[in-house]
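Shown next, in structure tokens, is the structure this report addresses.
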Amino acid sequence: MGTSVPIDDSLSSQCFTPNSICYTTNNNINADEIPTIDYSVLFSSDPNIQAKALDYLSTACHNYGFFYLVNHGVPEYVFKSVFKAISDYFEPTVIEDRMKYQKKSSTDMIRWELRSSAAENREYLKMVTHPNYHSPSNQTTFSETMEDYYTRMREVVHGLGKAISKTLGMEESFIEKAFKLESGFDVSAMNLYPPNFKSKGSMGVPDHTDPGFFVSLIQDINGGLQILSHQGKWIDVNYMPSNAILINTGDHLEILSNGKYKSHVHRVVVDNNNVKRVSVATLHGPSLDAFVKPMPEFLDDALPPNYDGTTYKHYLEANGSWYWRKIVALKGLLLNLVDPTTFTLKKYNVADGYKWLWPTVSRVKGSKEVWNRLNTPKHSFVFWLAIQNRLKTRDRLLRFQITTDPSCLLCSGNAETCEHLFFHCPFSNECLQQIKNWLGWKTPATSLMDLVRVIEKRPYSAFRKQVFAAACAALLYQIWRNRNARLWQQKQEDPKTIVQLIKHTCKIRIQSIWPRKVSIGDTTWYSEL
Ligand SMILES: O=C(O)CCC(=O)C(=O)O
Ligand SMILES: [Fe+2]
1 MGTSVPIDDS LSSQCFTPNS ICYTTNNNIN ADEIPTIDYS VLFSSDPNIQ AKALDYLSTA
61 CHNYGFFYLV NHGVPEYVFK SVFKAISDYF EPTVIEDRMK YQKKSSTDMI RWELRSSAAE
121 NREYLKMVTH PNYHSPSNQT TFSETMEDYY TRMREVVHGL GKAISKTLGM EESFIEKAFK
181 LESGFDVSAM NLYPPNFKSK GSMGVPDHTD PGFFVSLIQD INGGLQILSH QGKWIDVNYM
241 PSNAILINTG DHLEILSNGK YKSHVHRVVV DNNNVKRVSV ATLHGPSLDA FVKPMPEFLD
301 DALPPNYDGT TYKHYLEANG SWYWRKIVAL KGLLLNLVDP TTFTLKKYNV ADGYKWLWPT
361 VSRVKGSKEV WNRLNTPKHS FVFWLAIQNR LKTRDRLLRF QITTDPSCLL CSGNAETCEH
421 LFFHCPFSNE CLQQIKNWLG WKTPATSLMD LVRVIEKRPY SAFRKQVFAA ACAALLYQIW
481 RNRNARLWQQ KQEDPKTIVQ LIKHTCKIRI QSIWPRKVSI GDTTWYSEL
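In terms of the UniProt record's numbering, the sequence shown is residues 1 to 529.
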């Protein structure tokens, strides 16, 4: 087909059936469950049933961006043959056959890769399957089996094109025409997790969205795929109804509908090297020459276009990175918030820009102590992260599956959380007590937020408040630094050394930017520290 699209960039229970009549309730799908759509009902001859099915599909696309598709017409035996063919293809002993398709140029129609790093762990074969079918020439049975599956999936592509067009309130050929689906560009990734040797991390495929109309996904065993919901929660695709296809709407449906149907971030985790999983993720895209832009039907004065229009080919070439695509989308959002004429005529002012972006900002508790002038700036940064529980403590790393060890590096006793580090941990608590003694600060407070509250509420002088805050900031910084030194350099310091360092850094900073108004009492107090 003489195209030059990098195929790498193309891919990175509830139910609705007439028998179960789930649709009679309402469209409030439980946020943790993945909706199930019965494909056959979308084309029911009973207009009432069809309308309800389309309503449900609309909710699934709007609120989720992903759903299981059942009764789609692809028979069970096709799925079985597909998984058998792919498992045979990935047979470890014949890896040399596969290596023939390792990347040669950015225009490869077939590409094999073995990725094994902290960021990605899978072996995959990607091939362009439509409008022309490409498959490895040395794999006859595999190629025929896969071609049968892709040909059947094209029916589903056209069917969903019609049904989703209707859910958008458009005529049924809307998507077909806008994406020129007849010559839609499909790329399929057949994935093996983990690759045929030990994986080097727990990530199968890192976070991404996929371009195109939608991705259809089938898998031989459940578990591994996770989808980020609109609410910012990772949903495990743990249970997939048998013979179901997971549909994940793509970036181009988002562009076409001007953000009404959003594409979703997803990823694959591989927990266990003993469990082998095969998946087929096929990206069904517009035609390469289709110019996709937000359609006028989704625009009005209050909703200008949020995305730029481009041909699909150009998009694939230019938008390899998911982050880049999100940044481009942000441009549209900003235009929505800011009047460009006012913006360019006025002198640029960071505070105004901030207010435009975040009109209803609320103050973070403790921000006065964090951004206190007497703090060493790098201390303020750690302080800022700590009061918002944003430090990469082990409880958070566990959630991201970056570590498996929850224990505190300072006391080895309890689980490392921000609360524990500041200052339930016996080690850090000892440092806190020594700092309080040094400052003559008589307060029973032992948690970070309590200390902040005490500084804010108690009638200390402004200067003392600033010194206490600076000491807290230095303490947090040194505890965090010490914790990191134990992890990365196996270096340990005792509380006495840490406290000496805190006293020293605080004094240097405070003396160098001594405030203009400090009472004699406070000056004497400070000089005796
Ligand atoms: O294998 C999976 O579950 C998903 C793969 C995927 O997201 C992709 O290839 O784009
Ligand atoms: Fe994907």
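Each residue gets a CB set at the ideal place from its N, CA and C atoms; glycine is no exception.
8 angstroms or more divides the Cβ of His130 from the Cβ of Lys260.
Under the three-state reduction of DSSP, Glu123 is assigned to strand. For Ser58, the enclosing alpha helix (DSSP H) starts and ends at 47-59. Under the 8 angstroms Cβ criterion, the segment 263-281 counts as touching the segment 224-238, having at least three qualifying pairs.
Look at Phe214 here: in three-state DSSP terms it is strand.
If you compare the alpha carbons of Asp405, Thr523, Ile510, Pro495 with that of Leu487, the shortest gap goes to Asp405. In this structure Ser202 is not in contact with Val275, their Cβ atoms being roughly 12 angstroms apart against a cut-off of 8 angstroms.
Checking the 7 angstroms criterion, the Cβ of Val215 is within range of a heavy atom belonging to ligand 2.
As the crow flies, the alpha-carbon of Val205 is around 57 angstroms from that of Lys517. Nearest to Val268 by C-alpha distance, out of Gln219, Ala470, Leu253, Leu288, is Gln219.
Taking C-beta atoms as the reference points, Tyr124 and Ile110 fail to come closer than 8 angstroms. Between the segment 289-296 and the segment 157-166 there are fewer than three inter-stretch CB-CB distances shorter than 8 angstroms, so the stretches are not counted as touching. Spanning the alpha carbons of Gly212 and Arg483 requires a straight line of approximately 45 angstroms.
Cβ-Cβ distances below 7 angstroms link Thr417 to Thr393, Asp395 in the same chain, with the five nearest sequence neighbours on each side left out; the list follows chain order. Exclusion of the five residues before and after Pro195 leaves Leu114, Arg115, Ser116, Asn121, Arg122, Glu123 as the residues of its chain whose Cβ lies within less than 8 angstroms of its Cβ. A Cβ-Cβ separation of about 16 angstroms leaves Leu432 out of contact with Leu529 under the 8 angstroms criterion. Secondary structure note for Glu113: it is in no alpha helix (DSSP H), and the uninterrupted beta strand (DSSP E) holding it is 110-116. His158 has its Cβ no nearer than 7 angstroms to any heavy atom of ligand 2. Taking the C-beta atoms as reference points, Ser87 is found nearer than 8 angstroms to Val278. Residue environment: Ile510 is assigned as buried (16 or more neighbouring CB atoms within 10 Å of its CB, all protein chains considered).
The straight-line gap separating the alpha-carbon atoms of Ala51 and Leu217 is approximately 26 angstroms.
For Thr341, the secondary structure class from DSSP, reduced to helix, strand or coil, is helix. For His266, there is no enclosing alpha helix (DSSP H); the enclosing beta strand (DSSP E) has its first and last residue at 266-269. Met203: member of the beta strand (DSSP E) spanning 203-208, first to last residue. Phe79 and Gly285 have their C-alpha atoms some 22 angstroms from each other. DSSP places His424 outside any beta strand (DSSP E), giving it a letter other than H or E. Shown here for Val370: same chain residues with a beta carbon closer than 6 angstroms to its own, the five before and five after excluded, namely Ser380, Phe383, Trp384 in chain order. DSSP places Phe67 outside any alpha helix (DSSP H); the residue lies instead in the beta strand (DSSP E), whose first and last residues are 66-70. Ser188 has Met127, Thr282 as its beta-bridge partners, per DSSP. For Gln219, the pairing in a beta bridge is given by DSSP as Ser279. For Tyr193, the closest alpha carbon among the candidates Glu91, Pro296, Asp494 is that of Glu91. In this structure, Cys506 places its C-beta atom within 8 angstroms of the C-beta atom of Ala474. At a threshold of 7 angstroms, His266 counts as near ligand 1, since its beta carbon sits closer than that to one of the ligand's heavy atoms. Not one heavy atom of ligand 2 falls within 7 angstroms of the beta-carbon of His284. A distance below 8 angstroms separates the beta carbons of Ala53 and Val41.
Distance between His134 and Asp210, taken at the CA atoms: about 21 angstroms.
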